[in-house]
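Notes follow the structure.
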Amino acid sequence: MRLNPAVRLSEYFMPTLKENPAEAEIASHRLMLRAGMIRQSASGIYSWLPMGYRVLRKIEQIVREEQDRAGANEILMPTIQSADLWRKSGRYDDYGKEMLRITDRHDREMLFGPTNEELITDLFRDGAVSYKDCPQMMYHIQWKFRDEVRPRFGVMRGREFFMKDGYSFDLTVEDGLKSYNRMFVSYLRTYAKMGLQVIPMRADTGPIGGENSHEFIILAETGESEVFCHEDFLSLDPNAEAVNYKGDLQPIVDQWTSMYAATEEMHDEGKFEAEVPEGKRVSARGIEVGHIFFFGTKYSEPLGAVVQDKEGKQVPVQMGSYGIGVSRLIGAIIEAHHDENGIIWPESVAPFQVGIINLRVGDDACDEACEGMFTKLQEAGVEVMYDDRDTKAGAKFADMDLIGLPWQIAVGPRSLKNGQVEVKNRRTGEKQEVSIEAALELVTVS
Ligand code: ATP
Ligand code: MG
32 MRLNPAVRLS EYFMPTLKEN PAEAEIASHR LMLRAGMIRQ SASGIYSWLP MGYRVLRKIE
92 QIVREEQDRA GANEILMPTI QSADLWRKSG RYDDYGKEML RITDRHDREM LFGPTNEELI
152 TDLFRDGAVS YKDCPQMMYH IQWKFRDEVR PRFGVMRGRE FFMKDGYSFD LTVEDGLKSY
212 NRMFVSYLRT YAKMGLQVIP MRADTGPIGG ENSHEFIILA ETGESEVFCH EDFLSLDPNA
272 EAVNYKGDLQ PIVDQWTSMY AATEEMHDEG KFEAEVPEGK RVSARGIEVG HIFFFGTKYS
332 EPLGAVVQDK EGKQVPVQMG SYGIGVSRLI GAIIEAHHDE NGIIWPESVA PFQVGIINLR
392 VGDDACDEAC EGMFTKLQEA GVEVMYDDRD TKAGAKFADM DLIGLPWQIA VGPRSLKNGQ
452 VEVKNRRTGE KQEVSIEAAL ELVTVS
């Protein structure tokens, strides 16, 4: 996957809005519309314009790299599935109205997949023979459809949304929990790479019980769920966690699960007060950006996903499933990183690292300086957007702040006479008048 490394704004489709769209209730939704990243095509269904699609791809790629690193194999399953498979697990009826049901020309019942446990269990059943086929982890990153009662907040709760869903297959419960830990650690790394402070919270496991389900939550005022946790989570550093997955991951998981953290459904006020000192109790709102789950033989049994164990006995495989809300993450990142002027992208997911603003298009010196920097940055492998539009300086500054690239370089005739351009760091707001060489150095090194 290679993204276009350099674009000219005059040739780019980025319909920004000055005013706040009335339908957007929260900052991330407002800013995604205003920055020309998405447009709604039907309730909870969005088109991704160049800027939005670029960020979606960046997030997808971070998710992919961390899944690969954790030893999962990427596949691609279809969006449309057959109802028959879902009847075997009993979920065709259980899913109710959230499932979008489709009938083809032969009157066969189909559905737009809300998730893929059934399909992947069937794939594994078909291809796996013995214990030698375990452990196995597979994932895909694919569009899902859930006919949510209340789609809202833009991509945060869409009906069509982009999700990474992964699945593990093991011979024993013990091995299954090892796969679970592997995903747990990979999730910590994944969110940290996107500039998010995530908190794994004990989640409801339903009828299966046990403690092996966690929701990964970002604290945000606009979050949909109420959450409770120990304040020290906010200073734990996930980047310190195992880079290779060869060793025992249990101590890391223990460290991240030993402190109190629970969503509303799992919250126990008595336990909260007993375990967390008064000054350290955080009760806040959160956004669920991921969910992992060990569910044993819930699907392998009804769907017949069995393998031969070492004694020659046929046993159903132990499974887990692991979701990440890829499109929701864009909203979550913006909720965590913005100010009154717009988005402030963390570098790892920024659509471009640098924006060049030509304040006097048509002025030979300005044009030449901008074109020169545009070329040099491309040569240095820095992703760059050049605002070469013939519009007012004020609008250009406003747009550049709105779209939130980490660095801005403004080029105007007055400073340029002294060989200077203005470099602004979007996050700190700090501005410096420096030479062109120094500007390039500043934005390339960091
Ligand atoms: P929620 O409680 O928010 O409805 P869920 O428990 O139904 O989520 P999962 O089935 O665990 O979600 O899906 C995995 C991930 O997909 C979630 O953690 C979330 O980040 C994302 N996700 C779920 N539903 C949506 C949606 N309607 N729009 C965008 N992302 C979603
Ligand atoms: Mg849901």
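According to our numbering, the residues represented by the sequence shown are 32 to 477, in order.
Ideal Cβ placement from N, Cα and C applies to all residues, glycine included.
Exercise. Is any heavy atom of the ligand ATP found at a distance shorter than 8 Å from the C-beta of Ser-72?
Worked result: Residue 72 sits at position 41 when you count from the first residue of the sequence shown. Ser-72: no, Cβ never under 8 Å from the ligand ATP.
Problem set entry | Asn-147 and Tyr-211 closer than 9 Å at C-beta | Locating residue 147 in the sequence shown gives position 116, counting from the first residue. Locating residue 211 in the sequence shown gives position 180, counting from the first residue. No.
Exercise. Cβ atoms of Val-392 and Ile-93: under 9 Å apart, would you say?
Worked result: Residue mapping note: residue 93 aligns to position 62 of the sequence shown, counting from 1. Residue mapping note: residue 392 aligns to position 361 of the sequence shown, counting from 1. For Ile-93 and Val-392, no; Cβs fall outside 9 Å.
Problem set entry | Expected contact under 8 Å - CB spacing of Ile-387 and Val-415 to nearest Å | Position 356 of the sequence shown, counting from 1, holds the residue named residue 387. Position 384 of the sequence shown, counting from 1, holds the residue named residue 415. Contact between Ile-387 and Val-415 holds, since their C-beta atoms are separated by about 7 Å, short of 8 Å.
Problem set entry | Candidates Glu-464, Glu-453, Lys-427 and Tyr-417: closest to Ala-37 by CA position | Here the question's residue 37 lines up with position 6 in the sequence shown. For Ala-37, the nearest C-alpha among the options comes from Tyr-417.
For this session: Kindly provide the ranges of any beta strand (DSSP E) runs that are 3 or more residues long and lie completely inside the segment 317-346, ordered along the chain.
Result: The beta strand (DSSP E) runs lying completely inside the segment 317-346 and spanning 3 residues or more are 337-339, given in chain order.
For this session: May I have the straight-line CA-CA distance separating Arg-122 from Arg-177, to the nearest angstrom?
Result: As a first step, residue 122 is located in the sequence shown; it is residue number 91 there, counting from the start. As a first step, residue 177 is located in the sequence shown; it is residue number 146 there, counting from the start. Between Arg-122 and Arg-177, the alpha-carbon positions lie close to 14 Å from each other.
Exercise. So, Met-232 versus Ala-292, is the Cβ gap smaller than 9 Å?
Worked result: The residue given as residue 232 occupies position 201 in the sequence shown. The residue given as residue 292 occupies position 261 in the sequence shown. Contact flag set, yes.
Problem set entry | First through last residue of the beta strand (DSSP E) which encompasses Lys-455 | Position 424 of the sequence shown, counting from 1, holds the residue named residue 455. Counting along the chain, the beta strand (DSSP E) containing Lys-455 begins and ends at 451-456.
Exercise. Per DSSP, what kind of secondary structure is Phe-215 in: helix, strand or coil?
Worked result: As a first step, residue 215 must be located in the sequence shown, where it is residue number 184. Phe-215 carries a helical assignment under DSSP once its states are collapsed to helix, strand and coil.
Exercise. Using a Cβ-Cβ cut-off of 6 Å (strictly less than) and excluding sequence neighbours within five positions of Gly-254, which residues of its own chain qualify?
Worked result: Taking the sequence shown and counting its residues from 1, one reaches residue 254 at position 223. Exclusion of the five residues before and after Gly-254 leaves Arg-316, Gly-317 and Ile-318 as the residues of its chain whose Cβ lies within less than 6 Å of its Cβ.
Exercise. Under 9 Å between the Cβ atoms of Ala-429 and Lys-89?
Worked result: Taking the first residue of the sequence shown as 1, we reach residue 429 at position 398. Taking the first residue of the sequence shown as 1, we reach residue 89 at position 58. In this structure, Ala-429 sits away from Lys-89, with a CB-CB distance that is not shorter than 9 Å.
Exercise. Near Ile-111, what residues of its chain come up, given a Cβ to Cβ distance below 8 Å and the 5 sequence neighbours on each side ignored?
Worked result: Along the sequence shown, one-based indexing puts residue 111 at 80. Once the five neighbours on either side are set aside, the close Cβ partners of Ile-111 are Ile-133, Met-141, Leu-142, Phe-143 and Gly-144.
Exercise. Is there contact here, the segment 257-272 with the segment 67-82, by at least three beta-carbon pairs under 8 Å?
Worked result: The answer is no - the segment 67-82 does not touch the segment 257-272, with fewer than three Cβ pairs under 8 Å.
Problem set entry | Sequence-distant residues of the same chain with beta carbon closer than 7 Å to Leu-64, five excluded per side | Numbered from 1 along the sequence shown, position 33 holds the residue referred to as residue 64. The residues are Leu-48, Pro-52 and Ala-55.
For this session: Ignoring anything shorter than 3 residues or poking outside the segment 146-187, list the beta strand (DSSP E) runs there in chain order.
Result: Taking 3 residues as the shortest admissible run, the segment 146-187 contains the following complete beta strand (DSSP E) segments, listed from N- to C-terminal end: 167-176.
For this session: Just mark Thr-152 as buried or exposed, buried being the case when its beta carbon has 16 or more other beta carbons within 10 Å.
Result: Counting from 1 along the sequence shown, the entry for residue 152 is found at position 121. It counts as buried.
Problem set entry | heavy atom of the ligand ATP below 8 Å from His-171 C-beta | As a first step, residue 171 is located in the sequence shown; it is residue number 140 there, counting from the start. Because no heavy atom of the ligand ATP lies under 8 Å away, the Cβ of His-171 does not count as near it: no.
Problem set entry | Opening and closing residue of the beta strand (DSSP E) in which Glu-246 lies | Position 215 of the sequence shown, counted from the first residue, corresponds to residue 246. Glu-246: member of the beta strand (DSSP E) spanning 244-250, first to last residue.
Exercise. According to the neighbour-count rule (16 or more other Cβ atoms, all chains shown, within 10 Å of its Cβ), is Thr-406 buried or exposed?
Worked result: As a position in the sequence shown, residue 406 is number 375, starting the count at 1. Exposed.
For this session: Can you tell me which of Lys-128, Asp-421 and Asp-115 puts its alpha carbon nearest to the alpha carbon of Asp-138?
Result: Here residue 138 is taken as the residue at index 107 of the sequence shown, counted from 1. Of Lys-128, Asp-421 and Asp-115, the residue nearest in Cα terms is Asp-115.
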